[in-house]
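Asker: Here the protein sequences line up with chains A and B, keeping their order. The numbering of the first sequence is our numbering, which starts it at 29 and goes up by one. The numbering of the second sequence is our numbering, which starts it at 13 and goes up by one. Ideal Cβ placement from N, Cα and C applies to all residues, glycine included. What follows is a single structure, and I will ask about it in a moment.
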Amino acid sequence: MSMPALQSLSDEALMERIITRDQLAFSQLYDRYSGKLLSYFKRMLWNNHDLAEDCLQELFMKIARQPELFDVSRTFRPWVYTVANNLCKMEYRKNSTRGIKVSLDKTAELADHHVKITEKIDRKDFIHQLKEVLLTINEPHRSTFMLRYFDELTLKEISAIFDCSEGTVKSRLFYTLRKIATKLPQFKYA
Amino acid sequence: MKNNSFLIENFEEILLQKSFEDLNDAEKEQLKLEKISAQEYESMREMLLHMQEIEESEEIPNDAIKNRLMAEFATPTKVVAKNKIIPFNRWFYFGVAASLTLAFVFFYKLSENLTNSSENKVAQQIESPTSTNSPIQQEKNSDTPVSEVYTSALADTTTRKSLTSAAESENLSDEQIEMQSPLAKSSERLTDSQKDFQPATRMEIVSLSEDAKYEADKNEKLTTFNGKKQQDMGVSLAEVSQLQNITVEIY
């Protein structure tokens, strides 16, 4: 099958082909998700680009080696974000054991400082500051918020990733939004 | 987990569609319950509206990553390579497992038979009309170790002999002799049920009718008296035959 034809295939159909060792299908899936997942890893891993790339490579290496781990009867997107989320958790554990955990309190202070000195914020600054404030939010609220508003996953997909109800996802989103709004009080919608 | 309020269940729709002034009384009541002020509500609304407009440019991964992944995908996995050297056939492993199980069962049964045959020899050796009164049985029926029973039996025999000779001169009855023996004294400390299992210490039980009753129970007890019990009691074959001689000597 040619690349244009593959582009019309669903993620799940691509995975079925990957299980049969179809290289073009693997390449197509990588192109479809590598950018999104790299952004996700970078947001989740303290904006560390190298670490995000390592995680991205590890994730796709898992798919390349054992594609049959994916159940083709299920949806691919929640599954791949679940794997990505688990990789992030592993990185958090590694950092906590190494003792090089990023000081979230300090990050929060910096974020507050940035907000105080900025009366009016443009969009780029807003995203930057929002990411910094998000670092102060505990898991799984932070990843829930990011998956919803940065990666634009549906509530159902997020609930599948965290194996919880949609109500729980809504509750997490609501309280995270409230917390962020409290931490960025000077922000005004432009 | 408690049920979400109406506000939380529908917060995205409400925040995106209504300003604080547009909220109805029920929605304002919900805000009060959540302790959210009008200012805070507006701040959350502005934040969410702005979040909707975020179109963050995607990060572009290094091309080297894709090249490495494609190379990895093209090469057969390690598991497959291994299987080429040692073909994976699950029936082979099942066969090996079954053979090992059978071999284990065979050797277990064999060792069990050997133990039983040696047990039978011991049982035959100790089988005698007075074996119920043997120190081994006494130990089986009480918590006293064989060595102590053996010592007591020896002491009892000696005392009995001296008492019998004394009784002849003092005209003591058999019961009086019995009460003065060391075993009789020790039996005073036993419970009634334990006393029932101490026929050797009570002369009145040693009778023909009791022997007949013993004969009936003997076979059953011998079957339960296995080699393991011998090991637990720490009695060797030599000790058993020695004890048998002692019991014969007593009676």
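Kindly indicate if chain A contains any beta-carbon less than 8 Å away from that of L60 (chain B).
Answerer: Answer yes: the Cβ-Cβ gap between L60 (chain B) and chain A drops below 8 Å somewhere.
Asker: Give the residues of chain B in contact with A188 (chain A), contact being defined as C-beta atoms less than 9 Å apart.
Answerer: Residues of chain B passing the Cβ test: none, with the nearest at roughly 18 Å.
Asker: Is it true that the CB of I155 (chain A) sits closer than 8 Å to the CB of A204 (chain A)?
Answerer: Note that residue 204 (chain A) is Thr in the sequence shown here, rather than Ala. No, they are not a contact pair.
Asker: For a contact meaning CB atoms closer than 7 Å, what does L208 (chain A) contact in chain B?
Answerer: Before going further, note that residue 208 (chain A) is Ile rather than Leu in the sequence given. Correct list: M59.
Asker: Give me the chain B residues within the contact set of E220 (chain A), using Cβ-Cβ distance strictly less than 7 Å, ordered along the chain.
Answerer: As displayed, chain A neither begins before 29 nor continues past 218, which places residue 220 (chain A) out of reach and without an answer.
Asker: Can you tell me where the alpha helix (DSSP H) with F88 (chain A) in it begins and where it stops?
Answerer: Start and end: 77 to 93.
Asker: Along chain B, in chain order, which residues have C-beta atoms closer than 7 Å to that of M89 (chain A)?
Answerer: The answer, in chain order, is L81, E84.
Asker: Taking the alpha helix (DSSP H) that R262 (chain A) belongs to, which residues open and close that run?
Answerer: This structure gives no information on residue 262 (chain A), because the portion of chain A shown stretches from 29 to 218.
Asker: Between the stretch 45 to 65 of chain B and the stretch 43 to 61 of chain A, do at least 3 Cβ pairs fall closer than 8 Å?
Answerer: No, they do not touch.
Asker: Would you please verify whether the beta carbon of I26 (chain B) is less than 8 Å from any beta carbon of chain A?
Answerer: No, its Cβ sits nowhere closer than 8 Å to a Cβ of chain A.
Asker: Starting from T182 (chain A), follow the alpha helix (DSSP H) in both directions and report where the run begins and ends.
Answerer: Neither: T182 (chain A) is in no alpha helix (DSSP H) and is coded neither H nor E.
Asker: Look at the alpha carbon of K230 (chain B) and the alpha carbon of L112 (chain B), and state the distance between them as a whole number of angstroms.
Answerer: Approximately 40 Å between the Cα atoms of the pair.
Asker: Under the rule that 16 or more other beta-carbon atoms within 10 Å means buried, what is Y68 (chain A), buried or exposed?
Answerer: Y68 (chain A) should be labelled buried.
Asker: Is the beta carbon of L79 (chain A) sitting closer than 8 Å to the one on L87 (chain A)?
Answerer: Cβ distance not < 8 Å, so L79 (chain A) and L87 (chain A) don't count as in contact.
Asker: Are the C-beta atoms of S31 (chain B) and some chain A residue less than 8 Å apart?
Answerer: Cβ-Cβ to chain A under 8 Å: no for S31 (chain B).
Asker: Relative to the alpha-carbon of H62 (chain B), which residue among B:N132, B:E71, B:P73, B:E24 has its alpha-carbon at the smallest distance?
Answerer: Nearest option by C-alpha distance: B:E24.
Asker: Cβ atoms of Q51 (chain B) and F18 (chain B): under 8 Å apart, would you say?
Answerer: Taking 8 Å as the Cβ cut-off, F18 (chain B) and Q51 (chain B) do not qualify as a contacting pair.
Asker: Is A49 (chain A) helix, strand or coil by DSSP?
Answerer: According to the sequence provided, residue 49 (chain A) is Arg. The question's Ala does not apply to it. Looking at R49 (chain A) - three-state DSSP - the assignment turns out to be coil, as it is neither helix nor strand.
Asker: Would you say R71 (chain A) and F202 (chain A) are within 8 Å of each other, going by their C-beta atoms?
Answerer: No, they are not a contact pair.
Asker: For Q51 (chain A) versus F85 (chain B), is the C-beta distance shorter than 8 Å?
Answerer: Cβ atoms of Q51 (chain A) and F85 (chain B): closer than 8 Å.
Asker: Please classify Q136 (chain B): is it buried, with 16 or more other beta-carbons within 10 angstroms of its beta-carbon, or exposed?
Answerer: When all chains shown are included, Q136 (chain B) counts as exposed.
Asker: With 16 as the cutoff for other CB atoms within 10 Å, does N132 (chain B) come out buried or exposed?
Answerer: With fewer than 16 Cβ atoms within 10 Å of its Cβ, N132 (chain B) is classed as exposed.
Asker: R200 (chain A) lies in the alpha helix (DSSP H); which residues open and close that run?
Answerer: R200 (chain A) -> alpha helix (DSSP H) spans 194 to 211.
Asker: Under a three-way DSSP split, which group does N95 (chain B) fall into?
Answerer: Low confidence applies to N95 (chain B): its pLDDT is 48, below 50, so where it sits in the model is not reliable enough to give any reading.
Asker: Looking at the secondary structure, which residues open and close the alpha helix (DSSP H) in which K47 (chain B) lies?
Answerer: It is not in any alpha helix (DSSP H) - K47 (chain B) carries neither H nor E in the DSSP assignment.
Asker: Using a Cβ cut-off of 8 Å, pull out every chain A residue sitting near N74 (chain B), in sequence order please.
Answerer: By Cβ distance, chain A contributes E81.
Asker: Starting from L81 (chain B), trace the alpha helix (DSSP H) both ways and give me its first and last residue.
Answerer: Run containing L81 (chain B): 75 to 86, per the alpha helix (DSSP H) assignment.
Asker: Does the contact criterion of 3 or more C-beta pairs under 8 Å hold for the stretch 69 to 87 of chain B versus the stretch 29 to 39 of chain B?
Answerer: Flag = no, the stretch 69 to 87 of chain B and the stretch 29 to 39 of chain B do not touch.
Asker: Given this structure, state the Cα-to-Cα distance separating H142 (chain A) from R170 (chain A), to the nearest angstrom.
Answerer: Note that H142 (chain A) has pLDDT 45, beneath the 50 cutoff, so the model's placement of it is unreliable and the number below is only indicative. Straight-line Cα distance between these residues: approximately 20 Å.
Asker: Pull up the CB-CB distance for F104 (chain A) and D39 (chain A), whole angstroms please, since I reckon it's below 8 Å.
Answerer: With 8 Å as the limit, F104 (chain A) and D39 (chain A) qualify as a contact, their Cβ atoms being about 4 Å apart.
Asker: State the Cα-Cα distance for the pair S49 (chain B) and K198 (chain A), rounded to the nearest angstrom.
Answerer: Taking the straight line from one Cα to the other gives about 20 Å.
Asker: Could you check the C-alpha separation between C83 (chain A) and L122 (chain B) for me, to the nearest Å?
Answerer: Each residue's alpha carbon lies about 59 Å from the other.
Asker: Closer than 8 Å, CB to CB, is Q51 (chain A) near chain B or not?
Answerer: Interface residue, yes.
Asker: Inspect the beta-carbon positions of V161 (chain A) and K211 (chain A) and report whether they are closer than 8 Å.
Answerer: Yes.
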